[in-house]
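Peer 1: I'd like to ask some things about the structure below.
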Amino acid sequence: MENLMGLLRIHVTKGVNLAIRDVRSSDPYVTIRMGRQFDGVQLLTALFIDFCAVFKLKTRVVKHDVNPEWDEDLTLFIADPHLPIQLSAYDRDTFSPDISPTIYKL
């Protein structure tokens with residue numbers, strides 16, 4: 256990791272009044288990504304050329320709660336301080352793809 260510039264610690268505290276995505280509630284979690292957005296062959300190429308280009312961290316899932324409290328610290332390795340950071344709130348689903356109702360870019 257000779258390209259490592261530093262670490263960024265992000266404290267994820269809680270969500271407030273998240274959307275109900277299941278029958279009565281949601282099973283929310285947050286992901287934090289750092290890096291460029293890629294698709295298909297570009298993603299595979301980027302991962303082989305520079306594994307620091309894409310990072311993804313995730314909080315634990317809080318079951319049946321639209322006001323979840325995570326109180327978690329997530330730490331990103333910073334290789335390029337100019338890459339965007341994206342926070343997304345998801346609803347965990349067992350039998351279908353997880354739903355992302357909210358996305359923030361920093």
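Sequential numbering from 256 applies to the sequence shown in our numbering. Think of the CB as a built atom: it goes at the ideal place given N, C-alpha and C, for glycine as much as any other residue. Quantities reported herein were computed from a predicted structural model and do not represent experimental measurements.
For residue 270, which of 264, 324 and 286 has the nearest alpha-carbon?
Peer 2: 324
Peer 1: With respect to the beta strand (DSSP E) encompassing residue 332, which residues constitute its N-terminal and C-terminal limits?
Peer 2: 324-333
Peer 1: Who are the near neighbours of residue 264 in its chain, counting only those whose CB is closer than 7 angstroms to its CB and skipping five residues on each side?
Peer 2: 328 and 330
Peer 1: What is the DSSP secondary structure of residue 318, reduced to helix, strand or coil?
Peer 2: coil
Peer 1: Three-state secondary structure (DSSP) at residue 289?
Peer 2: It is a strand residue.
Peer 1: Closest to residue 342 by CA distance: which of 261, 352, 260 and 267 is it?
Peer 2: 267
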